[in-house]
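All remarks here apply to the structure that follows.
Residue numbers (my numbering): 1 to 278.
The structure is reproduced here in structure tokens:
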């Protein structure tokens with residue numbers, strides 16, 4: 001018999017990460033899971049306290065090494081370094097504490113830009129899954145950049161006539177690629193963080209990524225990387241938007257592809273099917 005899953009959902013402390021992760025959490029709770037939503041202390045203080053949250057959704061915070069949280073004027077590379085150093089220890093402490101609600105954690109889900117969370121989870125014998133809140137095509141680009149296409153991209157990214165052909169994707173022009181992939185990259189942290197995402201996934205036996213999209217929208221991008229299983233669980237937007245959609249649209253609502261994918265994930269962790277890949 002499976003146990004009621006308790007997911008520790010860890011998100012990068014920025015609105016573009018918190019909002020979709022919160023929608024994801026609410027949907028898991030609606031399927032019977034317990035979810036503890038964790039972000040940095042500063043971001044948690046800024047979250048609305050007037051919202052109504054469903055039973056089974058709890059909140060926690062970890063230390064990111066900053067008294068005020070990240071600000072645009074801060075040294076971003078220093079912030080990311082401290083986020084990893086201090087956040088890893090703080091998150092480990094959070095995992096070790098027996099939660100007051102929901103029972104012990106059974107799984108960790110983490111958002112973009114914090115790949116170190118997977119390593120903390122592994123140290124505590126918890127399986128983890130990446131929640132990718134951007135287009136799967138972007139993850140595809142990062143994967144292939146670090147697997148055979150990096151030199152070609154760096155050499156040609158400033159050529160307006162350049163077309164990059166990646167498996168399973170339409171031709172991409174230089175303007176379709178992240179600017180920090182070029183040789184004049186001024187945001188080294190972004191490249192190293194995404195490289196670590198790929199490395200963490202490559203260390204798993206059967207890597208799975210939950211993606212903020214749905215099958216009918218980006219089917220090719222979801223299947224571009226043969227060694228990863230990218231699963232559409234979106235769109236991760238408030239239900240008020242979905243309420244206005246055609247109920248026969250198989251991409252949305254109960255019975256849609258994302259609903260079924262999320263139900264499968266909930267059943268997987270509840271039934272103990274997720275294993276720790278070392």
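A virtual CB, placed ideally from N, CA and C, is assigned to each residue, including glycine.
With respect to residue 60, residue 94 sits close: the two C-beta atoms are nearer than 8 angstroms.
Here residue 188 is exposed, its C-beta having fewer than 16 other C-beta atoms within 10 Å. In this structure, residue 88 keeps its C-beta atom at 8 angstroms or more from the C-beta atom of residue 64. For the pair residue 196 and residue 58, the Cα-to-Cα distance works out to about 29 angstroms.
Taking each of 211, 236, 220 and 186 in turn and checking the Cα distance to residue 75, the smallest one comes out for 186. Residue 211 is positioned such that its CB atom lies closer than 8 angstroms to that of residue 136. Here residue 156 has 162 as same chain residues with Cβ atoms under 6 angstroms from its own Cβ, once five neighbours each way along the sequence are excluded. Annotation: the continuous alpha helix (DSSP H) that includes residue 16 extends over 15 to 30. Bridge pairing for residue 62: 40 [DSSP]. For residue 35, the CB contacts under 6 angstroms within the same chain, skipping 5 residues up- and downstream, are 7, 9, 25, 28, 29 and 57 in chain order.
For the 8 angstroms CB-CB criterion, residue 154 and residue 181 form a contact. Scanning its chain for C-beta atoms nearer than 8 angstroms, with the 5 sequence neighbours on each side dropped, one finds around residue 159 the residues 174, in chain order. Using a Cβ distance threshold of 8 angstroms, residue 128 and residue 121 count as a contacting pair. Between residue 13 and residue 70, the CB-CB gap stays under 8 angstroms. In the structure shown, the three-state DSSP call for residue 109 is strand. In this structure, residue 66 lies near residue 42, with their beta-carbon atoms less than 8 angstroms apart. With respect to the C-alpha of residue 17, the residue from 38, 4 and 169 having the closest C-alpha is 38. Residue 194 is classed as buried because its beta carbon has at least 16 other beta carbons within 10 Å across all chains shown. Sequence-distant Cβ neighbours of residue 198 in its own chain, meaning closer than 7 angstroms and more than five residues away, are 142, 143 and 146.
Note on geometry: alpha-carbon atoms of residue 171 and residue 100 lie some 51 angstroms from one another. Cβ contact annotation for residue 177 (same chain, cutoff 8 angstroms, sequence separation greater than five): 141, 153, 157 and 164, in chain order.
Taking the Cα of residue 83 as reference, the smallest distance to any Cα among 96, 134 and 68 is reached at 68.
The three-state secondary structure of residue 129, taken from DSSP, is strand. One alpha carbon belongs to residue 234, the other to residue 22, and they sit about 12 angstroms apart. For residue 109, the closest C-alpha among the options 260, 205, 132 and 218 is that of 132. In this structure, DSSP gives residue 225 a state outside helix and strand, which the three-state scheme calls coil. Inclusion of residue 261 and residue 229 in the CB contact set at 8 angstroms is not warranted, their separation being larger than that value. Under the 10 Å beta carbon count, residue 203 is surrounded by fewer than 16 other beta carbons and is classified as exposed.
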